[in-house]
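All residue numbers in the sequence shown are consecutive under the numbering used here, ending with 458.
Quick reminder that beta carbons are idealized off the backbone N, C-alpha and C, glycines included.
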Amino acid sequence: MALILWVFGGVITFCGLSVFLEFGLAIPRSGGEKVYLERVYRWPRGMTSFAMAAQLILLVWPASNALAFGRYVLLANGIAQDGWPARGVGVALVVAINVLCAITPKWSIYVSNILGIIKTLVLLLIVGAGLAALAGHRQAPNPQNFKNVFAVEDASGYSVYGISSAMLGVIFSFRGWENANYIAGELKDPRKTLALATPLAVGGVTILYTLVNIAFFAVVPRSDLIKAEVLVSGLFFEKMFGEFGVARVLPVFIAISNAGAALAFSYTHARVIQNLGKENLLPYSMFWTSDRPFGSPTAALLLQSFMTIVVLIAPPPGPAYSFIISLTAYPTTWIHAFVTGGLIWLRFRKSENWSSPWRSPVIILVLYLFTNIFLLLAPFIPNPQNNRKGAYPYFTVPLVGTLTLFLCILYWFIRMRLLPQWRGYVIVGEHRTDSNQCTYIVYKKMKFSKQH
Numbered sequence: 007m008a009l010i011l012w013v014f015g016g017v018i019t020f021c022g023l024s025v026f027l028e029f030g031l032a033i034p035r036s037g038g039e040k041v042y043l044e045r046v047y048r049w050p051r052g053m054t055s056f057a058m059a060a061q062l063i064l065l066v067w068p069a070s071n072a073l074a075f076g077r078y079v080l081l082a083n084g085i086a087q088d089g090w091p092a093r094g095v096g097v098a099l100v101v102a103i104n105v106l107c108a109i110t111p112k113w114s115i116y117v118s119n120i121l122g123i124i125k126t127l128v129l130l131l132i133v134g135a136g137l138a139a140l141a142g143h144r145q146a147p148n149p150q151n152f153k154n155v156f157a158v159e160d161a162s163g164y165s166v167y168g169i170s171s172a173m174l175g176v177i178f179s180f181r182g183w184e185n186a187n188y189i190a191g192e193l194k195d196p197r198k199t200l201a202l203a204t205p206l207a208v209g210g211v212t213i214l215y216t217l218v219n220i221a222f223f224a225v226v227p228r229s230d231l232i233k234a235e236v237l238v239s240g241l242f243f244e245k246m247f248g249e250f251g252v253a254r255v256l257p258v259f260i261a262i263s264n265a266g267a268a269l270a271f272s273y274t275h276a277r278v279i280q281n282l283g284k285e286n287l288l289p290y291s292m293f294w295t296s297d298r299p300f301g302s303p304t305a306a307l308l309l310q311s312f313m314t315i316v317v318l319i320a321p322p323p324g325p326a327y328s329f330i331i332s333l334t335a336y337p338t339t340w341i342h343a344f345v346t347g348g349l350i351w352l353r354f355r356k357s358e359n360w361s362s363p364w365r366s367p368v369i370i371l372v373l374y375l376f377t378n379i380f381l382l383l384a385p386f387i388p389n390p391q392n393n394r395k396g397a398y399p400y401f402t403v404p405l406v407g408t409l410t411l412f413l414c415i416l417y418w419f420i421r422m423r424l425l426p427q428w429r430g431y432v433i434v435g436e437h438r439t440d441s442n443q444c445t446y447i448v449y450k451k452m453k454f455s456k457q458h
C-alpha cells in the first residue's frame with residue numbers, strides 16, 4: 007500500500023506541476039500561487055493579495071527539514087528519541103542558514119547546489135543498498151515485506167484518515183517542484199526553464215523516491231517502518247550495516263541533505279517576502295524591500311527565521327515532525343485546490359481570454375482538484391487509532407490549518423477595510439508592468455478628499 011501511495015504521489019505531483027506550468031508560462035512572474043490566484047479571484051478587491059501575503063508568512067517555513075536535521079545529528083551521536091534537543095539543533099540550523107543567505111547570498115546558492123548533490127548521492131546509496139538487500143546481502147534478517155503486501159499491521163492504515171494523512175506526507179515530500187515558480191521573474195528565461203527543468207526534476211525525484219521506498223521495504227520490518235517517523239533512513243542503515251560504523255556516519259549525510267533543502271527553501275522564500283513588501287502588502291514595506299547591508303533580503307530572512315523557530319518550539323511534546331509536515335501541507339492543499347479550480351474557470355470562461363503555451367489536459371485538472379478536495383475533507387473524519395499515547399487529537403491539523411487561513415482573510419479585512427475606514431484613507435491598486443511584460447499591482451494609500 008505504501009508503494010502505491012508513493013507512485014500515486016508522483017502522479018499527483020505531475021498533475022500539480024502541469025497546473026503550475028500552465029499558469030507559470032502564461033504569467034512568468036515571481037510569487038507562485040499568489041500571482042495565479044490574483045489573476046483568477048479579483049473580488050473582493052485585494053483579498054487574494056493580502057490573504058496570500060499572510061499565508062506565505064504564517065504557514066510557509068522549512069521547520070520540518072530543520073527538525074529532521076536535528077534528529078539525524080543526534081542519531082549520529084547515538085540518540086534516537088525525539089525531544090527538545092532535536093528542536094534545539096534545528097533552531098541552530100535555521101539561524102545558520104539564514105545568516106548565510108543574508109551575508110553571502112551568492113555563496114548560499116553554491117552551498118545549496120552542493121548539498122543538493124549530496125542528497126541525490128544519499129538517495130542513490132540507499133537505492134544501491136536496497137538492491138544489495140534484495141540480493142540477500144544484509145546484516146538483519148529478511149523482513150519478508152514483499153509477502154502479504156496488503157497485510158495491515160496498523161488498523162488505521164486503511165482508514166480514510168490514515169490514507170489522507172499518509173498522502174499529505176507523501177505529497178509534502180515532493181514539495182519543492184514549485185520553487186521555480188516562486189522566483190520565475192528572476193530567471194533568465196523563465197518560460198524555457200519552467201517548461202524543461204521542472205518536469206525532468208519531478209520525474210527524476212519520483213523514480214528515486216519509489217526506488218528508495220522499495221529499498222526500505224527490503225530491509226526494515228513493516229512494524230518498525232510504521233513507528234520510525236523521520237528516522238526511517240537511519241533505521242535502514244542500522245539494519246543494513248549494523249549499529250555502529252557506517253550506520254553512525256550515514257545519518258550525518260542525511261542531516262546534510264535536510265540542511266540543503268532548508269537552505270534552498272529559505273533562499274527562495276525570503277525573496278517572495280521581499281516581493282510582498284514591494285507590493286505594499288506588508289506593514290512598513292520599505293523595511294522588507296531593503297537589500298541593506300549585504301545586498302540580500304535581510305529583513306525577510308529575519309522574519310522567516312523567527313516564524314520557523316516559533317513553529318519548531320511551539321508544538322507540545324508528541325510526534326512533532328508529522329504534525330509540522332501535516333500543518334504545512336494542509337493549508338497548501340486549500341491553496342492548490344483554489345488554484346486548480348481557478349484554472350478550470352479560466353479555461354471554460356471565454357470572456358477571460360485565457361491562453362498559455364502549456365495546456366493541461368482536462369483529466370489532469372479534474373484529478374488534481376478532486377485529490378485536493380479529498381485531502382481537505384478526509385482529516386475531519388475521526389481516526390480510529392487516535393487513542394495512542396502522546397498523539398495529537400485527529401482534528402488538530404485540519405482545524406489549525408483552516409483557522410489560520412481565516413486569520414489570513416482577517417488580515418485582508420483589517421488592512422483593506424478596517425484601518426482605512428478608521429484612519430480616513432483608501433487603498434488603491436496601481437497596475438505596473440515588469441521586465442517580462444507581465445502586469446502586477448502595487449497597493450497604495452490615498453487620503454480621502456473632504457468636500458464641504
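DSSP places Y167 inside the alpha helix (DSSP H), whose first and last residues are 166-179.
In the DSSP assignment, V448 forms a beta bridge with E436. Annotated three-state conformation of Y336 is helix, per DSSP. For G182, no alpha helix (DSSP H) run applies, since DSSP gives it neither H nor E. The alpha carbon of I132 has as its nearest neighbour, out of G84, Y188, I213, V218, the alpha carbon of V218.
CA-CA distance, G435 to V255, rounds to 55 Å. A straight line joining the alpha-carbon of S302 with that of A108 spans about 6 Å.
DSSP places Y398 outside both helix and strand once states are collapsed to three, so it counts as coil.
Around the C-beta of R438, fewer than 16 other C-beta atoms lie within 10 Å, and the residue is accordingly described as exposed. Around the beta carbon of V225, 16 or more other beta carbons sit within 10 angstroms, so the residue counts as buried. Assigned with DSSP and collapsed to three states, K40 falls in helix.
Relative to I369, the option among I18, R45, A276 whose CA is nearest is I18. The criterion of a C-beta distance shorter than 8 Å is not satisfied by S263 and Y215.
Rounded to whole angstroms, N378 and L140 show a C-alpha spacing of 35 Å. F329 sits close to V403, with the two beta carbons spaced by under 8 Å. Apart from the 5 residues on each side of it in sequence, G240 sits with its Cβ closer than 6 Å to the Cβ of L81, P257 in its chain, given in chain order. When the five nearest sequence neighbours on each side are left out, the beta carbons in the same chain lying within less than 8 Å of the beta carbon of A343 are those of L375, N378, I379, L382, in order along the chain. Under the DSSP assignment, M58 falls in the alpha helix (DSSP H) whose first and last residues are 53-64. K453 is bridged by DSSP to Y431.
Taking 8 Å as the cut-off, the beta carbon of W428 is found no closer than this to the beta carbon of V46. When the Cα atoms are used, A59 and V128 turn out to be separated by approximately 35 Å. For M422, no alpha helix (DSSP H) run applies, since DSSP gives it neither H nor E. Between the segment 196-208 and the segment 286-297, the count of C-beta pairs closer than 8 Å stays below three; the two stretches do not touch. In the assembly as shown, L424 is an exposed residue. Its beta-carbon has fewer than 16 other beta-carbons within 10 Å. With contact defined as three or more Cβ pairs closer than 8 Å, the segment 20-39 and the segment 355-373 are in contact. DSSP, read as helix, strand or coil, puts D230 in helix.
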